[in-house]
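Here the working numbering is used: the first residue of the sequence shown is 64, the next is one more, and so on. Working notes for the structure below.
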Amino acid sequence: MSHWSKLARWAKGVMLRRGPMMMTCAEFETFVLDYLSGDLPSRQRRIFELHLRVCRECREYLEAYRRSNALGKAVFQTPSYPLPEDVPEDLVQAILAARDAD
Ligand SMILES: [Zn+2]
């Protein structure tokens with residue numbers, strides 16, 4: 064583990080324990096949708112972005128969420144949209160099932 068990732072891990076621990084301005088990873092997940100749709104109040108948005116800065120797991124989570132969201136939209140708007148090859152099978156099935164439900 065590099066020096067920087069150790070430091071980041073330590074900073075995250077400290078902030079999660081003592082920061083009145085911090086949210087946990089579980090809270091982060093519940094706010095992802097609001098954050099992406101721009102519905103998060105500015106105060107919460109700041110806290111959210113602060114967490115994003117110190118937490119690599121949540122950065123990856125947000126990234127994955129964004130990707131699958133963008134993919135879902137493309138599939139919904141274009142019935143013949145070709146699905147990328149590297150998308151997990153269960154995600155493809157979930158998107159197709161949601162699309163066919165309408
Ligand atoms: Zn986190």
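Backbone N, C-alpha and C define an ideal beta-carbon position, used for all residues, glycine too.
Exercise for the section: Could you tell me whether the stretch 132–145 touches the stretch 100–111, where touching means 3 or more Cβ pairs closer than 8 Å? Expected result: no
Handout entry: Neighbourhood of residue 94 by C-beta distance below 8 Å, restricted to the same chain and skipping five residues each side
Key = Within the sequence shown, numbered from 1, the residue matching residue 94 stands at position 31. Result list for residue 94: 86, 103, 107, 111, in chain order.
Handout entry: Distance cut-off 7 Å: residue 91 Cβ against heavy atoms of ligand 1
Key = Translated into the one-based positions of the sequence shown, residue 91 becomes position 28. Answer for residue 91: yes, Cβ within range of ligand 1.
Exercise for the section: Take residue 143 and list the residues in its own chain whose beta-carbon comes closer than 8 Å to its own, dropping the five residues that flank it on each side. Expected result: Your numbering for residue 143 matches position 80 in the sequence shown. Around residue 143: no qualifying Cβ.
Practice task
Compare the Cα-Cα distances from residue 128 to each of 117, 98, 113 and report the closest residue.
Solution key: Along the sequence shown, read from residue 1 onward, the residue named residue 128 stands at position 65. Measuring from the Cα of residue 128, the nearest candidate turns out to be 98.
Exercise for the section: Specify the secondary structure class of residue 102 as computed by DSSP and reduced to three states. Expected result: The sequence position of residue 102 within the sequence shown is 39, counting from 1. Note: residue 102 maps to coil in three-state DSSP.
Exercise for the section: Kindly examine ligand 1 and report whether one of its heavy atoms sits closer than 7 Å to the Cβ of residue 126. Expected result: In the sequence shown, the residue the question calls residue 126 occupies position 63. No.
Exercise for the section: Give the C-beta separation of residue 119 and residue 71 to the nearest angstrom, bearing in mind that I take them to be a contact with Cβ-Cβ under 8 Å. Expected result: One-based indexing of the sequence shown puts residue 119 at position 56. One-based indexing of the sequence shown puts residue 71 at position 8. Their Cβ separation, rounded to whole angstroms, is 7 Å, which keeps residue 119 and residue 71 in contact under 8 Å.
Handout entry: Assigned secondary structure, residue 148 (DSSP; H/G/I helix, E/B strand, else coil)
Key = Working through the sequence shown from its first residue, we reach residue 148 at position 85. Residue state, collapsed to three classes: coil.
Exercise for the section: Give me the Cα-Cα distance between residue 154 and residue 114, rounded to the nearest whole angstrom. Expected result: Here residue 154 is taken as the residue at index 91 of the sequence shown, counted from 1. Here residue 114 is taken as the residue at index 51 of the sequence shown, counted from 1. Rounded to the nearest angstrom, the two C-alpha atoms are 27 Å apart.
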